[in-house]
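All remarks here apply to the structure that follows.
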Amino acid sequence: MAASAAGAASGQFLTRLIDPNQSKCSSSSQTLRFFRRRYQPCIMSMNGCKGSDQAGLFPVETIETRSLSPVPSPALAMDSLKAAIYQLKLEPPASASGIIRLQVPIQQQIDAIDWLHTQNNVLLSRCFFSGRSDSSDVFHSVDRNGNGNGSPKGANSLLSVAGVGSAVFFRRMDPFSYSDWKSIRRFLSDTSPLIRAYGGIRFDARSNMSSEWERFGSFYFMVPQVELDELEGNSMLATTVAWDESLSLPWEMAIDALQATMRQVVLARSSRVVTANDIAPTTWLTCLQVGKDKDNAYQFCLQPPNAPAFIGNTPEQLFHRKCLCVSSEALAGTRARGGSTAQDLQVELDLLSSPKDHLEFTIVRESIRKKLEAVCSGVTVEPKKVIKKLRRVQHLYAQLTGRLKCEDDEFDILASLHPTPAVCGSPREEARVFIAENEVFDRGMYAGPVGWFGGGESEFAVGIRSALVEKGLGALMYAGTGIVKGSNPSLEWDELELKISQFTKLLKLEVPQRETLMT
């Protein structure tokens, strides 16, 4: 059963430890609370889940990506996009629904988190996602014309994506369903692979929702209105407009909304020093990236309008789909890295030979294998059990691959794999009920799927090693351990401390002065 730790602060990020015997939860925990405040209404945007079930069965009429000529700077990219939007407004499409992406390659590499940090309008949603460079799948590649999944020759790896505003978003209070997935899919196409919906899903949509998670709903996905794609050696600035008369957002309103968002986009930032008692969510991401396990972790940020930001640095992949090929991972068992090469090897051998950790890992791996076999053919497990080393910790690891019968099975993969035994427990339903009845906080999207849907490709991580952050109000930090026969409560508590250390160290951190100028 997965036990969790939440860190907390109010005002100056003060944390306190709670006696586990005083809690209904079977594991020790740390707790952090937010001050409550009233939210302001958000600006106009289209909820793609509000349409009729019949409309959700069909793709929108127009799905298109238009690439503009490369430019040397972000300022020129903005000028190019504004001119293209103006021309698009003069020559509107004839279709009643659609989505169009305009993109401009920039001949310099711009840090996506730095760019996102400058976008401070709280009425605009924000998102960030960074893939793992160690993954055999690419996050992926972009050719010289800015098209996604380009051929290796002349293609640059897509390192990170940052977005503001939502051309269309998807949110309900009810659990994420097949019809919701179809509502997202109708705006996506493999002919426009960089039109993607980024977001996340609650760990348990049937549990009671606490106030800090209300803006996220049971799930929240967004196709950014304005997006900065960080590539190896260069970048790309893009805008997306989506409209659908059946969803009460005709073309005229959609293009006006895009122009309004474009007026809010900031190009430059100057030197700054931030103290640890008032760290903005994007600054947390910047600090995490400095110490990030660059080859082994996903980074993410999801922030609806006027809401806290859900951020994280997770090593765990839920699944990746490219066409019909699917991969997933089993990750369980945790040890700290050794202080020397010899000590690190000894810790590795201890983890590989531990009966408790082997049991936990086997439960996770076999559960994922059985779920893949239910919807995939030719499921393979290779490697079956090895060590995956991160900067501070190491885990037991296995990779599983299979092939879907059709792309519509993607929803079944998501629905069956989440939640894994590593974050919920086994048997799954009994463990879910136990967590709902005994954990003393709302997990929200912690340990839920976080990632993106695309036309021919999708990728989701497990939202662990994460925090819910709001500038000036505090943070909720989340981590968990697997409790099985043979677990030692003291060691499990130490594991929680180790996992959450990537955030707690930031509480004492003064962010170094950085100078970045985008012109």
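Just so we're aligned, residue 1 is where the sequence shown starts under full-length UniProt numbering, counting upward by one. Using N, Cα and C, we set each Cβ at its ideal position, and we do this for glycine too.
Query	Result
In the structure shown, what three-state DSSP assignment does L237 receive?	strand
So, is P41 buried or exposed, given that buried needs 16 or more other C-beta atoms within 10 angstroms?	Legend: pLDDT at P41 = 38, less than 50; position of this residue unreliable, value from coordinates given subsequently. Classification of P41: exposed, given that the 10 Å Cβ count is below 16.
I think I110 touches P74, with their Cβ atoms under 8 Å apart; what is that distance to the nearest whole Å?	6 Å
At which residue ranges does the segment 434-518 contain complete alpha helix (DSSP H) runs of 4 or more residues, listed in the order of the chain?	489-504
Below 8 Å on the Cβ atoms is my contact criterion, and I expect L414 with P449 to pass it. Report the Cβ-Cβ distance as a whole number of Å.	6 Å
Where does L158 sit, in a helix, a strand or coil, going by DSSP?	strand
Taking 7 Å as the limit between beta carbons, can you name the residues of its chain near residue 563, skipping five residues before and five after?	No information on residue 563 is available, as it lies outside the stretch 1 to 519 that the chain covers here.
Between A96 and the rest of its own chain, which residues show a CB-CB distance below 6 Å, the 5 nearest in sequence each way excluded?	E245
Could you give the DSSP three-state label for Q87: helix, strand or coil?	helix
If you measure between the beta carbons of M236 and P105, is that distance less than 9 Å?	yes
Would S367 be called buried (16 or more neighbouring beta carbons within 10 Å of its own) or exposed?	buried
Out of L331, K356, M222, K389, which one is the CA nearest neighbour of G462?	According to the sequence shown, residue 462 is Val rather than Gly. Ranking the options by Cα distance to V462, first place goes to L331.
Is the Cβ-Cβ distance between T62 and T191 less than 9 Å?	no
Short of 6 Å in beta carbon distance, which residues of its chain neighbour T401, apart from the five on each side in sequence? Order them along the chain.	S327, T380
Does DSSP put residue 533 in a helix, a strand or coil?	Beyond the ends of the chain as shown, which are 1 and 519, falls residue 533; an answer cannot be given.
Specify whether the segment 428-437 and the segment 194-209 touch according to this definition: at least 3 beta carbon pairs, one from each stretch, less than 8 Å apart.	yes
Alpha carbon to alpha carbon, what distance is there between V484 and F129?	33 Å
So, at 6 Å on beta carbons, what are the nonlocal neighbours of G163 in its own chain, with the 5 sequence-adjacent residues on each side left out?	C127, P224, E227
Within 8 Å, do at least three Cβ pairs link the segment 368-376 to the segment 299-314?	no
In angstroms, rounded to a whole number, what distance separates the CA positions of L158 and N234?	10 Å
May I ask whether a heavy atom of the ligand GTP can be found less than 8 Å away from the beta carbon of V104?	Because no ligand of any kind appears in the structure shown, any question about the ligand GTP cannot be addressed here.
What whole-angstrom Cβ distance do S125 and P305 have, given they're in contact under 8 Å?	5 Å
Can you check which of these residues, G444, R337, E348, is closest to R392 by C-alpha distance?	R337
Using the three-state DSSP reduction, which class does S246 fall into: helix, strand or coil?	helix
Assuming M445 contacts R202 under a Cβ cut-off of 8 Å, what Cβ separation, rounded to an integer in Å, is found between them?	6 Å
Quick check: R321 and L404, are their CB atoms within less than 9 Å of each other?	yes
Compare the C-alpha of L90 against each of E252, Q108, E492, V71 and name the closest.	E252
Can you list, in chain order, the residues of its chain whose CB lies under 8 Å from that of L498, leaving out five sequence neighbours each side?	T334, A336, R392, V393
Might you give, ordered along the chain, the residues of its own chain that have their beta carbon closer than 6 Å to the beta carbon of L352, omitting 5 neighbours on each side?	none
Using a Cβ-Cβ cut-off of 8 Å (strictly less than) and excluding sequence neighbours within five positions of A467, which residues of its own chain qualify?	G7, W284, F310, I311, G312, A475, L476, M477, Y478, F503
Where F441 and P59 are concerned, what is the direct C-alpha to C-alpha distance, given to the nearest angstrom?	39 Å
Out of curiosity, what's the CA-to-CA distance linking T481 and L496?	7 Å
Give the C-beta separation of I100 and V241 to the nearest angstrom, bearing in mind that I take them to be a contact with Cβ-Cβ under 8 Å.	5 Å
Among L288, F219, V423, R428, which has the Cα closest to the Cα of W452?	F219
Determine the extent of the beta strand (DSSP E) in which V326 is found, giving its start and end residues.	325-336
Rounded to a whole number of angstroms, what is the C-alpha to C-alpha distance between I85 and T261?	12 Å
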